[in-house]
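Presented below is the structure to which this report refers.
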Amino acid sequence: MSFDFSQLAKADPAVYEAILGEIRRQAHDMEFIASENYTSKAVMEAMGSPLTNKYAEGLPKFRYYGGCDFVDQVEIIARDRAKQLFGSIGANVQPHSGAQANAAVFLAALKPGDTILGLDLSHGGHLTHGSPVNSSGLTYKAFHYGLDPATGRIDMNQVRELALAHRPKMIITGASAYPRAWDWAGFRSIADEIGAVMLADIAHVAGLVAAGLHDNPVPFCEYVSTTTHKTLRGPRGGLVLGNKDVMKGLNSAVFPGTQGGPLMHVIAAKAVAFGEALDPSFRAYAAQVIDNAQALAARLVARGFSLVSGGTDNHLMLIDLSDRELSGKDASEALGKVAITVNKNTVPGEKRSPFVTSGVRIGTPAMTTRGMNAEDAAMIGDLVADVLSAPNDEATLSRVAGQVAAWCEAHPVPEVHIDWSARR
Ligand SMILES: *Cc1c(COP(=O)(O)O)cnc(C)c1O
Numbered sequence: 005m006s007f008d009f010s011q012l013a014k015a016d017p018a019v020y021e022a023i024l025g026e027i028r029r030q031a032h033d034m035e036f037i038a039s040e041n042y043t044s045k046a047v048m049e050a051m052g053s054p055l056t057n058k059y060a061e062g063l064p065k066f067r068y069y070g071g072c073d074f075v076d077q078v079e080i081i082a083r084d085r086a087k088q089l090f091g092s093i094g095a096n097v098q099p100h101s102g103a104q105a106n107a108a109v110f111l112a113a114l115k116p117g118d119t120i121l122g123l124d125l126s127h128g129g130h131l132t133h134g135s136p137v138n139s140s141g142l143t144y145k146a147f148h149y150g151l152d153p154a155t156g157r158i159d160m161n162q163v164r165e166l167a168l169a170h171r172p173k174m175i176i177t178g179a180s181a182y183p184r185a186w187d188w189a190g191f192r193s194i195a196d197e198i199g200a201v202m203l204a205d206i207a208h209v210a211g212l213v214a215a216g217l218h219d220n221p222v223p224f225c226e227y228v229s230t231t232t233h234k235t236l237r238g239p240r241g242g243l244v245l246g247n248k249d250v251m252k253g254l255n256s257a258v259f260p261g262t263q264g265g266p267l268m269h270v271i272a273a274k275a276v277a278f279g280e281a282l283d284p285s286f287r288a289y290a291a292q293v294i295d296n297a298q299a300l301a302a303r304l305v306a307r308g309f310s311l312v313s314g315g316t317d318n319h320l321m322l323i324d325l326s327d328r329e330l331s332g333k334d335a336s337e338a339l340g341k342v343a344i345t346v347n348k349n350t351v352p353g354e355k356r357s358p359f360v361t362s363g364v365r366i367g368t369p370a371m372t373t374r375g376m377n378a379e380d381a382a383m384i385g386d387l388v389a390d391v392l393s394a395p396n397d398e399a400t401l402s403r404v405a406g407q408v409a410a411w412c413e414a415h416p417v418p419e420v421h422i423d424w425s426a427r428r
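First residue of the sequence shown: 5, per the numbering used here; consecutive thereafter.
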C-alpha cells in the first residue's frame, strides 16, 4: 500500500521512520492475531482527514459547538449505516474503543456495587467484563461463568445456576477468545427469569454478524457493544447499539458520562467501513474468513494439536498446549521467528501464568483480507504445525520463514477491499 508522507518525512524523521518500519512489518508478516485486520485505504484517508480538528460534543443537530454542519452529515451517515448493518433501533458511533463502549453501557444500566455476570477471562472473556484489574471489576460485583471442560463450550446450566444464585442486574455475553456460536436466546431466557438486562459484546464477531453469518444478538439484548476494527474491518474504535427504551440513557452515558468530544475523523472512517460492510461483497469476505478458520483448524487437528472445543464456528481458534512442554509464550515466540504473528492466550483450566499461558489464539480476518483462501489456510496450518513440532530446529525455521516470505510477497496488503467501479 502506498502513502504520501511528504510532510511527515521532513517534519519528524524519527516518527516517520518508525511508521515506515511498521508498514514494512505489516507487509512482511503473516498477521494471525484474531483481533486485527487491514482497513482499506479509503478508511485510512477518512481517518487522516482534517476532521480531527473539529470539536463536536453532543449529538448531530444537538451540539455544544458551532460549525458542526459537515461533521453532522458524517455522523448521521455512520449512525444510519450502523443501524442498518445490525438491524438496531438505536446506535451511538462515538465510543473511542470497545472498552469505552462497555463503560458507557455499564454507566447507563448499573449503579456502583450492582452485580454482573460474564464469561471468565481465562475461558475467553474480556477484561472489561468484570476483571479485578479493570474498572468494571472494581465498580461492580462480578461473577463469572466458564466453559464445560468436556466440550469446551459455554455451560448454560452453570450460567443459569450462577444467575439464580447471584441475581446479577446484568448478564454479559460475548468474548475475545471463544471459537463457537452463542445461544443468545438461551441467555435471554435466563436473564428474563431473574429480571436482568443483557449486554452482548460482539467486539470480535461483529463483521460475521453484519454479514449474517453469525446469529445477531440485537433482537435479544437491551445493549450490544462492539469494536469497529476487528472482523468489521474499520478504524480502531467502538460502537454501541441499544433498543428504544435504553437509547436516551446510553447516549448520555457516552457523552458526558464517559467521554468528551467525539473523534470525528474516526467516525468518518467508521462511516466508510460500515458502507463497505453493507456491500454484498463483504458477505463473501466474511464467509471466506470462516472457511479459512475451519480449514486451518482442521489441518492443526490432523497434525495432532488439540483445539479448545475441537474446532471453530467463527474466525478464530485456540490451540491448547496444556499437555505439552511447549507453552503459549514459547509457541508464539517460535512462530514470530518465521514472521507468523499470533498471540499467546490462556486456556480453560489454565495452569501456567498469564505471561506464559498454555494456549495460542489464531484468527483469520487479516490474512483473508490479504487474499488467503482455504487451500492457503491448510498449507499455513502445516507451517504452524511444523514450527510448533520443532520450535528449535533451525532448518525447519528457515524453510518455513522462506515459505512465509514467498506467500507475503505474492499477496500484498490490498488498498481496495470492494471493487466500487463494478457497482457504480
Ligand atoms: C477487543 C475487545 C474489547 C476492547 O476493545 P478495545 O477497542 O481494545 O478497547 C472489548 N470486548 C471484547 C470482547 C473484545 O474482544
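All C-beta atoms in this analysis are idealised placements derived from N, C-alpha and C, irrespective of residue type, glycine included.
Check                                                                                                                                                                                      : Outcome
Less than 6 Å separating the Cβ of P139 from some heavy atom of ligand 1?                                                                                                                  : One detail in the question is off: residue 139 reads as Ser in this sequence, not Pro. No, since every heavy atom of ligand 1 falls outside the 6 Å radius drawn around the Cβ of S139.
Return the CA-CA distance between I175 and R356, expressed in angstroms with no decimal places.                                                                                            : 29 Å
Report the three-state DSSP secondary structure of D187 (helix, strand or coil).                                                                                                           : coil
Can you tell me which residues form a DSSP beta bridge with H148?                                                                                                                          : G122
For M174, which three-state DSSP category applies?                                                                                                                                         : strand
Taking Cβ positions, are T316 and A302 nearer each other than 7 Å?                                                                                                                         : no
Considering only residues of the region 306-364, which uninterrupted alpha helix (DSSP H) runs meet the minimum length of 4 residues and lie entirely inside it, listed in chain order?    : 332-341
Do G375 and H415 have their C-beta atoms closer together than 7 Å?                                                                                                                         : yes
Which class does R164 belong to by DSSP, given the choice of helix, strand or coil?                                                                                                        : helix
Considering only C-alpha positions, which residue in the set D423, I384, D159 and V201 is nearest to S406?                                                                                 : Note that residue 406 is Gly in the sequence shown, not Ser. If we check each option's Cα against that of G406, I384 comes out closest.
Counting beta carbon pairs with one atom in the region 335-353 and one in the region 263-274, are three or more of them shorter than 8 Å?                                                  : no
If we count the other Cβ atoms within 10 Å of its Cβ and call it buried at 16 or more, is I158 buried or exposed?                                                                          : buried
Considering only heavy atoms of ligand 1, does any lie closer than 6 Å to the CB of M218?                                                                                                  : Note that residue 218 is His in the sequence shown here, rather than Met. The answer is no for H218.
Given that a residue counts as buried once 16 or more other Cβ atoms are within 10 Å of its Cβ, and exposed if not, what is V137?                                                          : exposed
Between S180 and ligand 1, is there a pair consisting of the residue's CB and a ligand heavy atom that are separated by less than 6 Å?                                                     : yes
With a threshold of 16 other CB atoms inside 10 Å of the CB of G70, please say whether the residue is buried or exposed.                                                                   : exposed
In the structure shown, what three-state DSSP assignment does I206 receive?                                                                                                                : coil
For a test of your reading of the model: does the CB of H208 fall under 6 Å from any non-hydrogen atom of ligand 1? Yes or no.                                                             : yes
Between the alpha carbons of R365 and F66, how many angstroms are there, rounded?                                                                                                          : 43 Å
Shortest alpha-carbon distance to V97 belongs to which of G340, G241, D397 and T373?                                                                                                       : G241
Between F36, T400, L203 and A181, which lies nearest to A189 when the distance is taken from Cα to Cα?                                                                                     : L203
Below 8 Å on the Cβ atoms is my contact criterion, and I expect G94 with N247 to pass it. Report the Cβ-Cβ distance as a whole number of Å.                                                : 7 Å
Starting from the C-beta of A2, find all residues in its chain whose C-beta is less than 6 Å away, skip the five residues before and the five after it, and write them out in chain order. : Past the edges of the chain, shown from 5 to 428, lies residue 2, and the structure says nothing about it.
Sorted by chain position, which residues of the same chain lie with C-beta nearer than 6 Å to Y227's C-beta, five sequence neighbours on each side aside?                                  : V109, L203 and G246
Between the Cα of R307 and the Cα atoms of M251, D390 and I294, which residue gives the shortest distance?                                                                                 : D390
Determine the extent of the alpha helix (DSSP H) in which Y227 is found, giving its start and end residues.                                                                                : Note, Y227: premise wrong, no alpha helix (DSSP H); beta strand (DSSP E) at Y227 to T231.
At the level of alpha carbons, what is the spacing between T56 and A13?                                                                                                                    : 20 Å
Alpha carbon to alpha carbon, what distance is there between T400 and Y182?                                                                                                                : 31 Å
Using the beta-carbon count (16 or more within 10 Å), is G156 buried or exposed?                                                                                                           : buried
Among Q298, I206 and T231, which residue has its Cα nearest to the Cα of C447?                                                                                                             : What is shown of the chain runs 5 to 428, which leaves residue 447 out entirely.
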